[in-house]
Structure formats: C-alpha cells, structure tokens
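Undergrad: This structure is in structure tokens; I'll ask about it shortly.
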Amino acid sequence: MKTIGRYPLVVACAVTITLTPLVAAAQAPRTPWGDPDLGGLFDYSSVTPMQRPQDLADQEFLTEEQAAALEQAAVDRD
141 MKTIGRYPLV
151 VACAVTITLT
161 PLVAAAQAPR
171 TPWGDPDLGG
181 LFDYSSVTPM
191 QRPQDLADQE
201 FLTEEQAAAL
211 EQAAVDRD
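Numbering (the numbering used here), first residue to last: 141 to 218.
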C-alpha cells in the first residue's frame, strides 16, 4: 500500500528533474541592443494607454468620468 503512494512522488520528481534544464535555458526574445523585445499584438479593450498623455502626467488614475469619456470616444470612432 505504501508503494502506491510513493509512485506519484517518484513520477513528479522525475518530471521536475527532466524539465528543469529546459526552463532554465528558455530566454525571452531580445532586441539587437539587448533589451527584451516587447513587440507583438496588444489588446486595446481596456482604457490603459501605452504611453502616458502629457496632460495626465501628475494624475495617477483616471476618474470615472474621464474613463467613461475615453470609452465613449472609442465607441464613437468605431
């Protein structure tokens, strides 16, 4: 009965030992100058801008009214 309980532990250890070098070798893609490459497709379904507007430089969060206005402007554009 005790060997049945040890089998899953042995399998889990074997899988962990086998996959550890693969995880350690995985690297994020880099730009030619060495920074992480963040290029790709981004979802704009939230109101989080990719760059901070200059007029909001000293404001940490949008107010409810500002967020609603931005969402409405996006709906109007579409």
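Note that CB positions come from ideal geometry on N, CA and C, so glycine has one too.
#1: At which residues does the alpha helix (DSSP H) containing Leu202 begin and terminate?
#2: Taking just the CA atoms, how far does Pro169 sit from Gln206?
#3: Quick one: what does DSSP say Arg146 is sitting in, helix, strand or coil?
#4: Check whether the Cβ of Gly145 lies closer than 8 Å to any Cβ atom in chain D.
TA: In brief:
#1: As a first step, residue 202 must be located in the sequence shown, where it is residue number 62. Note, Leu202: premise wrong, no alpha helix (DSSP H); not H, not E.
#2: Locating residue 206 in the sequence shown gives position 66, where the first residue counts as 1. Locating residue 169 in the sequence shown gives position 29, where the first residue counts as 1. Rounded to the nearest angstrom, the two C-alpha atoms are 36 Å apart.
#3: Reading the sequence shown from its first residue, position 6 is the one you call residue 146. Three-state DSSP puts Arg146 in a helix.
#4: Of the chains in the structure shown, none is chain D; there is only one protein chain.
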